[in-house]
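The sequence shown begins at 112 in this note's numbering and counts up one residue at a time.
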Amino acid sequence: MPELSRFYNIVVKMIFKDDSQHHKPHVHVYYNEYEASVGLDGELLAGNIPVKQLKLVLAWLAIHEDELYSAWNKAVQGIPFEKIEPLR
């Protein structure tokens with residue numbers, strides 16, 4: 112599962128050809144023992160993550176929307192994508 116970004120101990124990943132379970136563009140988010148799938152539109156699809164970290168992820172998703180959709184389009188085709196700049 113390729114890593115898209117890492118910031119504030121949050122790891123954001125995107126899986127190749129991962130469009131069957133949630134049927135919408137999304138990322139997988141990891142923070143300590145928490146795991147969640149979050150739509151690129153900000154919808155929490157599965158799992159859980161503390162509210163503070165979810166808000167950081169949502170801000171990052173909004174800032175990098177175009178890059179994320181580009182990465183998603185590549186990922187569902189099995190094409191490698193570039194890492195995206197973390198929050199600072």
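The beta carbon of each residue, even a glycine, is placed where N, CA and C say it ideally should be.
Per-residue burial, residue i [other beta carbons within 10 Å of its own, 16 or more giving buried]
i: residue 162; result: exposed
i: residue 182; result: buried
i: residue 119; result: exposed
Enclosing alpha helix (DSSP H) for residue i [first to last residue]
i: residue 156; result: Taken as a continuous stretch (DSSP letters only), residue 156 belongs to no alpha helix (DSSP H), being part of the beta strand (DSSP E) at 155-159.
Start and end residues, beta strand (DSSP E) containing residue i
i: residue 162; result: Careful: residue 162 lies outside any beta strand (DSSP E), inside the alpha helix (DSSP H) at 162-174.
i: residue 141; result: 137-142
Pair within 8 Å by beta-carbon distance, residue i and residue j
i: residue 164; j: residue 126; result: no
i: residue 166; j: residue 115; result: no
i: residue 179; j: residue 169; result: no
i: residue 135; j: residue 153; result: no
i: residue 124; j: residue 187; result: no
Beta-carbon proximity list for residue i, same chain, < 7 Å, skipping 5 on both sides
i: residue 148; result: 133, 137, 139, 156, 157 and 158
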